[in-house]
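Undergrad: Below you'll find the structure I mean.
There are 2 protein chains.
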Amino acid sequence: GRVLVLNSGSSSVKYRLLEGTERLASGTVERIGEDGSPVPDHRAALESVADRLAGEGLGLDSPELTAIGHRVVHGGTAFTEPTPITDEVVAGIRELVPLAPLHNPANLAGIEVTRRLRPDLPQVAVFDTAFHATIPPAASTYAIDRELAARLGVRRYGFHGTSHAYVSREATRLAGDPDARVIVLHLGNGASASAVSAGRCVDTSMGMTPLEGLVMGTRSGDLDPAAVLYLARTGGMSLDEIDELLNRRSGMLGLCGDNDMRSVTERVEAGDEDAELAVSVYCHRLRKYVGAYYAVLGTVDVIAFTGGVGENSAPIRARALEGLEALGIAVDPARNARGDTVVSPEGSRVKVAVIPTDEEYEIARQTLSVISHHAG
Amino acid sequence: GRVLVLNSGSSSVKYRLLEGTERLASGTVERIGEDGSPVPDHRAALESVADRLAGEGLGLDSPELTAIGHRVVHGGTAFTEPTPITDEVVAGIRELVPLAPLHNPANLAGIEVTRRLRPDLPQVAVFDTAFHATIPPAASTYAIDRELAARLGVRRYGFHGTSHAYVSREATRLAGDPDARVIVLHLGNGASASAVSAGRCVDTSMGMTPLEGLVMGTRSGDLDPAAVLYLARTGGMSLDEIDELLNRRSGMLGLCGDNDMRSVTERVEAGDEDAELAVSVYCHRLRKYVGAYYAVLGTVDVIAFTGGVGENSAPIRARALEGLEALGIAVDPARNARGDTVVSPEGSRVKVAVIPTDEEYEIARQTLSVISHHAG
Ligand SMILES: Nc1ncnc2c1ncn2[C@@H]1O[C@H](COP(=O)(O)OP(=O)(O)O)[C@@H](O)[C@H]1O
Ligand SMILES: Nc1ncnc2c1ncn2[C@@H]1O[C@H](COP(=O)(O)OP(=O)(O)O)[C@@H](O)[C@H]1O
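Following this line, the structure appears as C-alpha cells:
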C-alpha cells in the first residue's frame, strides 16, 4: 500500500509519501502563518503539499494512495493505539488540546484539510504517546493528590513514542531475543529515554509534557518543581516567561549559547569551558537515566542511540557511557568513531547500538496495519 | 566538651545536650506562635529550653557548656562548612532567606536568642546543605539559562546533609575501605538519596529546595516542571496553592491519604489498593535513584538505609531493592526482618546496611571540631 505521512506542526507541515520502505516524495512547507509568508494557514499549506505531489504525478487524488497517516502528539489516556480517524476521534483529539496546546490544534488542522480533500480515503492518527501506554502505574503516577491528578490528567504520558517503538523493535531484533531488555536514547533537538522489556515500554523520561527528562537542545529536562515557583515569586517572572525560558532558552542553548551539538562538541575539543560544562551536564543526565532504567529493567541487553545526536555524535555516545564497565557497558573507540551498528566491543554483555530512527516509516507501517486490521 | 544542639524550626525548637555521645538532656518545645499556645515566639521557646535545662542543673550559664551548635537549613554557596557564628555570618544566613523562606528565619531566631543569653559562648552554624558542596558542576547545574541561574541562585544545593555526612561515614567504615562508594537513602518524613565516593558527596536527590527527588511523606519529589505551569494555567491554582499541594498534600499522603509509612505498609498487607499504588510509586522512585547513583559512582560498595522508614521498615527495604541481583544487590529476608546492621546475604558484592542516623550527634561533633580548629 501507498501511504502519505503528514506531520502537521504549529508552523510547518512535513510530508512523506511511502510505498513500503521506498520514499516516493517528501518535503516540508514552512513558515505557516508567519508575516510575509505565502502560506497563511494550514489549509494553504496542505494545498501546497497536494500541488507539489500532483506536480510529480503523485496527487492526492491518485487511486494508488491507500491511506494517510497523521502524526498526533497527544493521545492522552483515550488513544493508546493508532486509530482510524472519525468525527468522534477528531472530537477526542480536540478534548486533549489543554494537554498539548501548541501541537494538537496543528495536528487537527492537517487532519481536517485532508479529510475535506479526500473524504473517502482511510486516515489514521498515530499518537506520540501511544507506545508509552504500557508503562505501569508505579512509573506513570506522580506522587501528588490522586483525585486532582485524575481530574486534570496530570500523569506521565511520554512522547517520541513512534521513534521509541521503531528503534526498540530494531534493537530487540538485534539482540536476537524477543524478551530483550532495551534502553532507547532518542537524542535530537528534543531528547528522551525509554526502558523497553520484551517490546513493551515500562518507563520513559518525558512526562506529562515533553519538558521533563534529559537535557535537550533548548529544554531544561528535569528541574526541581519548586524552582518554577521560585522563578515566579522571587524571580518576578510571569508563567509565560517561565514557559519560554524552560522550553526555548534552556538546555544546551541556555548552558552554552548553542543548541547544535556538532558545534558544541567542536567547541569542547577546542577547550571552550562553557561548552564543556554543557556537555558534562548533558552526559551526566544521560548516565543517570541509563542507570535508573538498568535498575527498572533489572538488566539490559541493548542500549540504542538514535536521533540526530545519538546517530551522529561519537563523542557524546562515548562520554555518556564512560565508566560503566561494572554494568557490563562499554564503547569500542574504533567502532564508535565509524558509527557501526554495534559500537560495543565484541563479546560485551550489553550491546551498545546506533539505530537511525524512522518515524515516518513507522507511522506508515502502523497506518497500514490498522487499515488492514479494520478491513479484515 | 559539652555541646547544646539546637534545631530551631518554624513552629518548634528541638534541643539536645551532649557530652561526647552521651545525651544529658533533650526535648522539644512545640506550637510556637500558635493560637492558645503558651509559647508566643522563639525568644519564649528558647527561654523555656533554658529553664528546663536549669531545672536539671544543666543551665545555659553552666561553665561546663563548651558551645552551642545550631542547625541551619540553607547555606547557599557561601557556607560550605560548619561556621563559627559572628555578626557577618548572621547577615549571610539572612541573605539566604529567599532560598529558604520558612527555615532560615526560624534558625536565625534561635541563634539570636542564644547569642543574647550567652554572648561569650562559641556558637556554630551547621548547614544542611554543606555536605553537598562537593557535588561537581555536572550534577549541581540545572540546564537552564546560566546567567539567570547564577543571578537567582538556581542550582542543586541538596539537604539532609548532616545525616548524609554521618551515615555515609559510618557506611564507609563498615566497608572497611576509605575509598568506598556509598549510596545513602535517608527515608523519613522528608526523604533524600546521596551518592558518596571516598567520603565526598558527588550527587544528591534534593535540589534547589527539599521538594525534588524521592517520594516523601507529604512532598511529591520529582515532577515534570511544566506540570507546575499547567496547574496554574489550566488548573487555575495560585502559586501558594501549588506550593501547598506539592509540599503538604502530595507524596504518600496525596497517593493514599496517609503519610505514616507504618500504617501504609500495614494497609498493603491487608490488600488495600491505594496503599499498594503509593508504595509501588515510592519504591519505583527509590529503585531509579539507586540505579542512577550506581551509574554516577561507576559501582557501589554499600547502600545504607536510614531515617524513620529506612531504619524500621523491612518491607520497604526489600521492595526497593527487589530484582537488582544483576547489580550485585540483594536483601536477606531473615536479616532484613531482624533489622541487622547488614541485611544483604553473606558474601554479597554490595553491602546493604541499616544505619540509624544521628544528626544531633553529628552537629555536636562538627561544632566541637570547628571550635578546636579555630582555638588551635
Ligand atoms: N555529526 C553530528 N554531531 C553532533 N551532533 C549532530 C550531528 N549531526 C546532527 N547533530 C545534531 O542533531 C540534532 C538534531 O537532531 P534531530 O533528530 O534531527 O532533531 P529533531 O528532534 O528536530 O528531529 C542537532 O542538535 C544537531 O546538532
Ligand atoms: N516500624 C516502622 N515501619 C514503617 N515506617 C516507620 C516505622 N517507624 C517509623 N516509621 C516512619 O518513619 C517516618 C518518620 O521518619 P523520621 O525520620 O522520624 O522523620 P523526620 O523526617 O520527621 O525526621 C514516618 O513515616 C513513620 O511512619
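These protein sequence lines map, in sequence, to chains C and X. Counting along the first sequence from 1, when you hit position 66 you're at 66 in this note's numbering, and nothing is skipped either side. Counting along the second sequence from 1, when you hit position 332 you're at 1332 in this note's numbering, and nothing is skipped either side. Ideal placement from N, C-alpha and C gives every residue a C-beta, glycine not left out. Since this is a predicted model, take the numbers as computed values, not measurements.
(1) Between the C-alpha atoms of residue 256 of chain C and residue 368 of chain C, what's the straight-line distance to the nearest angstrom?
(2) DSSP puts residue 1123 of chain X in a beta bridge; with which residues?
(3) Can you tell me where the alpha helix (DSSP H) with residue 113 of chain C in it begins and where it stops?
(4) Express the C-alpha separation of residue 1111 of chain X and residue 1376 of chain X in angstroms, rounding to a whole number.
(5) From residue 1121 of chain X to residue 1161 of chain X, what does the alpha carbon distance come to, in whole angstroms?
(6) Can you name the residues of chain C whose CB is closer than 8 Å to the CB of residue 1087 of chain X?
(7) Who are the near neighbours of residue 1193 of chain X in its chain, counting only those whose CB is closer than 8 Å to its CB and skipping five residues on each side?
(8) If we ignore side chains and look at the alpha-carbon of each, how far apart do residue 1075 of chain X and residue 1092 of chain X end up?
(9) If you count every other CB in all the chains shown that lies within 10 Å of the CB of residue 1102 of chain X, and 16 or more means buried, which is it?
(10) Please classify residue 376 of chain C: does DSSP put it in a helix, a strand, or coil?
(11) Could you tell me the alpha carbon to alpha carbon distance between residue 150 of chain C and residue 77 of chain C, rounded to whole angstroms?
(12) Is the CB of residue 1322 of chain X under 7 Å away from at least one CB in chain C?
(13) Under a CB-based cut-off of 7 Å, is residue 286 of chain C close to chain X?
(14) Going by C-alpha distance, which of X:1295, X:1158, X:1113 is nearest residue 1131 of chain X?
(15) Taking residue 1063 of chain X as the query, report the chain C residues whose CB atoms sit under 9 Å from its CB, ordered along the chain.
(16) Please name the residue, chosen from C:145, C:155, C:125, C:281, that lies closest to residue 136 of chain C on a Cα-to-Cα basis.
(17) Residue 249 of chain C versus chain D: which residues are under 9 Å apart at the beta carbon?
(18) When the Cα atoms are used, what is the spatial distance from residue 1059 of chain X to residue 1037 of chain X?
(19) Hey, which residues come within less than 5 Å of ligand 1, measuring from Cβ to any heavy atom, in chain order?
(20) Does DSSP put residue 1143 of chain X in a helix, a strand or coil?
(21) Figure out for me which residue from X:1045, X:1139, X:1370, X:1035 has the closest Cα to the Cα of residue 1027 of chain X.
(22) In chain order, what residues of the same chain lie with their CB nearer than 8 Å to the CB of residue 298 of chain C, ignoring the 5 residues before and after it?
(23) Per DSSP, what are the beta-bridge partners of residue 305 of chain C in this structure?
(24) What's the gap between the Cα of residue 1043 of chain X and the Cα of residue 1033 of chain X?
(25) Taking the beta strand (DSSP E) that residue 7 of chain C falls in, what are its first and last residues?
(26) Report, in whole angstroms, the separation of the C-beta atoms of residue 319 of chain C and residue 354 of chain C, which I expect to be a contact under 8 Å.
(27) From residue 80 of chain C to residue 1133 of chain X, what distance separates their C-alpha atoms?
(28) Kindly confirm or deny that the segment 1348-1365 of chain X and the segment 1305-1318 of chain X touch, where touching means at least three C-beta pairs closer than 8 Å.
(29) Assign residue 1365 of chain X to buried or exposed, taking buried as 16 or more other Cβ atoms, counted over all protein chains shown, within 10 Å of its Cβ.
(30) Where are the beta strand (DSSP E) runs, 3 residues long or more, that stay fully inside the segment 1266-1346 of chain X, in chain order?
(31) Beta-carbon of residue 1154 of chain X versus every beta-carbon of chain C: anything under 7 Å?
(32) Just to make sure I have the definition right: I need the residues of chain C whose C-beta is within less than 8 Å of the C-beta of residue 1137 of chain X. Which are they?
(33) Please list the terminal residues of the continuous alpha helix (DSSP H) segment that includes residue 1171 of chain X.
(34) Below 7 Å on C-beta distance, what does residue 233 of chain C contact in chain X?
(35) Give, in chain order, every unbroken run of the beta strand (DSSP E) that is at least 3 residues long and sits entirely within the segment 181-240 of chain C.
TA: In brief:
(1) Here residue 256 of chain C corresponds to residue number 256 of the first sequence, with the count starting at 1. Here residue 368 of chain C corresponds to residue number 368 of the first sequence, with the count starting at 1. Looking at the backbone, the Cα of residue 256 of chain C and that of residue 368 of chain C are separated by about 43 Å.
(2) As a first step, residue 1123 of chain X must be located in the second sequence, where it is residue number 123. DSSP lists X:1068 as partners of residue 1123 of chain X.
(3) For the purposes of this step, residue 113 of chain C is identified with residue 113 of the first sequence, where counting begins at 1. DSSP places residue 113 of chain C in the uninterrupted alpha helix (DSSP H) bounded by 103-117.
(4) The residue labelled residue 1376 of chain X in the question sits at position 376 within the second sequence. The residue labelled residue 1111 of chain X in the question sits at position 111 within the second sequence. Caution is warranted here: a pLDDT of 49 is assigned to residue 1376 of chain X, below 50, making its placement in the model unreliable, and the coordinate value is therefore given only provisionally. Rounded to the nearest whole angstrom, the C-alpha separation of residue 1376 of chain X and residue 1111 of chain X is 24 Å.
(5) Here residue 1121 of chain X refers to the residue found at position 121 of the second sequence. Here residue 1161 of chain X refers to the residue found at position 161 of the second sequence. In this structure, the CA atom of residue 1121 of chain X is about 25 Å from the CA atom of residue 1161 of chain X.
(6) Taking the second sequence and counting its residues from 1, the one referred to as residue 1087 of chain X is at position 87. Result: empty, since nearest Cβ-Cβ is about 25 Å, beyond 8 Å.
(7) Position 193 of the second sequence, counted from the start, is the residue given in the question as residue 1193 of chain X. The answer, listed in chain order, is 1183, 1184, 1185, 1186, 1204, 1205, 1213, 1214, 1286, 1289, 1290, 1293.
(8) Mapped onto the second sequence, residue 1075 of chain X falls at position 75. Mapped onto the second sequence, residue 1092 of chain X falls at position 92. Note on geometry: alpha-carbon atoms of residue 1075 of chain X and residue 1092 of chain X lie some 8 Å from one another.
(9) Here residue 1102 of chain X refers to the residue found at position 102 of the second sequence. Taking all protein chains in view, the Cβ of residue 1102 of chain X is surrounded by fewer than 16 other Cβ atoms within 10 Å, so the residue is classified as exposed.
(10) As a first step, residue 376 of chain C must be located in the first sequence, where it is residue number 376. The predicted model places residue 376 of chain C with a pLDDT of 49, which falls under 50 and marks its position as unreliable; any figure quoted below should be read in that light. The answer is coil: DSSP assigns residue 376 of chain C none of H, G, I, E or B.
(11) As a working mapping, residue 150 of chain C is identified with position 150 in the first sequence. As a working mapping, residue 77 of chain C is identified with position 77 in the first sequence. Taking the straight line joining both Cα atoms gives about 11 Å.
(12) Working through the second sequence from its first residue, we reach residue 1322 of chain X at position 322. For residue 1322 of chain X, the answer is no, since every Cβ of chain C falls outside 7 Å of its Cβ.
(13) Position 286 of the first sequence, counting from 1, holds the residue named residue 286 of chain C. The C-beta of residue 286 of chain C comes no closer than 7 Å to any C-beta of chain X.
(14) Along the second sequence, one-based indexing puts residue 1131 of chain X at 131. When X:1295, X:1158, X:1113 are compared, the shortest CA-CA separation from residue 1131 of chain X is found for X:1158.
(15) Looking up residue 1063 of chain X in the second sequence gives position 63. The contacting residues do not exist; residue 1063 of chain X stays about 45 Å from chain C at best.
(16) Here residue 136 of chain C refers to the residue found at position 136 when the first sequence is read from its first residue. Across the set C:145, C:155, C:125, C:281, the C-alpha of C:155 shows the shortest separation from the C-alpha of residue 136 of chain C.
(17) Annotation note: the requested chain D is absent from the structure, which comprises protein chains C and X.
(18) Taking the second sequence and counting its residues from 1, one reaches residue 1059 of chain X at position 59. Taking the second sequence and counting its residues from 1, one reaches residue 1037 of chain X at position 37. So the alpha carbons of these two residues sit roughly 24 Å apart.
(19) One residue list follows from the rule of a beta carbon closer than 5 Å to any heavy atom of ligand 1, given in chain order as C:188, C:189, C:190, C:260, C:261, C:262, C:307, C:308, C:309, C:312, C:313.
(20) Residue mapping note: residue 1143 of chain X aligns to position 143 of the second sequence, counting from 1. Here residue 1143 of chain X carries a coil assignment [DSSP, helix/strand/coil].
(21) On the second sequence, residue 1027 of chain X is found 27 positions in, with the first residue counted as 1. Ranking X:1045, X:1139, X:1370, X:1035 by Cα distance to residue 1027 of chain X puts X:1045 first.
(22) As a first step, residue 298 of chain C is located in the first sequence; it is residue number 298 there, counting from the start. If we look at residue 298 of chain C and ignore the five residues flanking it on each side, its Cβ neighbours are 181.
(23) What you label residue 305 of chain C is simply residue 305 of the first sequence in a count that begins at 1. Beta-bridge pairing links residue 305 of chain C to C:185, C:354.
(24) Locating residue 1043 of chain X in the second sequence gives position 43, counting from the first residue. Locating residue 1033 of chain X in the second sequence gives position 33, counting from the first residue. Going from the Cα of residue 1043 of chain X to the Cα of residue 1033 of chain X covers about 11 Å.
(25) Taking the first sequence and counting its residues from 1, one reaches residue 7 of chain C at position 7. 2-8 is the span of the beta strand (DSSP E), which, as asked, contains residue 7 of chain C.
(26) Against the first sequence, residue 319 of chain C aligns to sequence position 319. Against the first sequence, residue 354 of chain C aligns to sequence position 354. So it is not a contact: roughly 15 Å between Cβ atoms.
(27) On the first sequence, position 80 is the one that residue 80 of chain C refers to. On the second sequence, position 133 is the one that residue 1133 of chain X refers to. Between residue 80 of chain C and residue 1133 of chain X, the alpha-carbon positions lie close to 45 Å from each other.
(28) By the C-beta criterion, the segment 1348-1365 of chain X is judged to be in contact with the segment 1305-1318 of chain X, since at least 3 inter-stretch pairs fall below 8 Å.
(29) As a position in the second sequence, residue 1365 of chain X is number 365, starting the count at 1. Looking at its Cβ environment, which holds 16 or more other Cβ atoms inside 10 Å, residue 1365 of chain X is buried.
(30) Listed in chain order, they are 1302-1306.
(31) As a position in the second sequence, residue 1154 of chain X is number 154, starting the count at 1. Taking CB atoms only, residue 1154 of chain X has a neighbour in chain C less than 7 Å away.
(32) Along the second sequence, one-based indexing puts residue 1137 of chain X at 137. Within chain C, the residues whose beta carbon sits less than 8 Å from that of residue 1137 of chain X are 277, 280, 281, listed in sequence order.
(33) As a working note, residue 1171 of chain X is residue 171 in the second sequence. From DSSP, the alpha helix (DSSP H) with residue 1171 of chain X extends over 1161-1175.
(34) Here residue 233 of chain C corresponds to residue number 233 of the first sequence, with the count starting at 1. Here the neighbours are 1239.
(35) Whole beta strand (DSSP E) segments, 3+ residues: 181-187, 191-197, 200-204.
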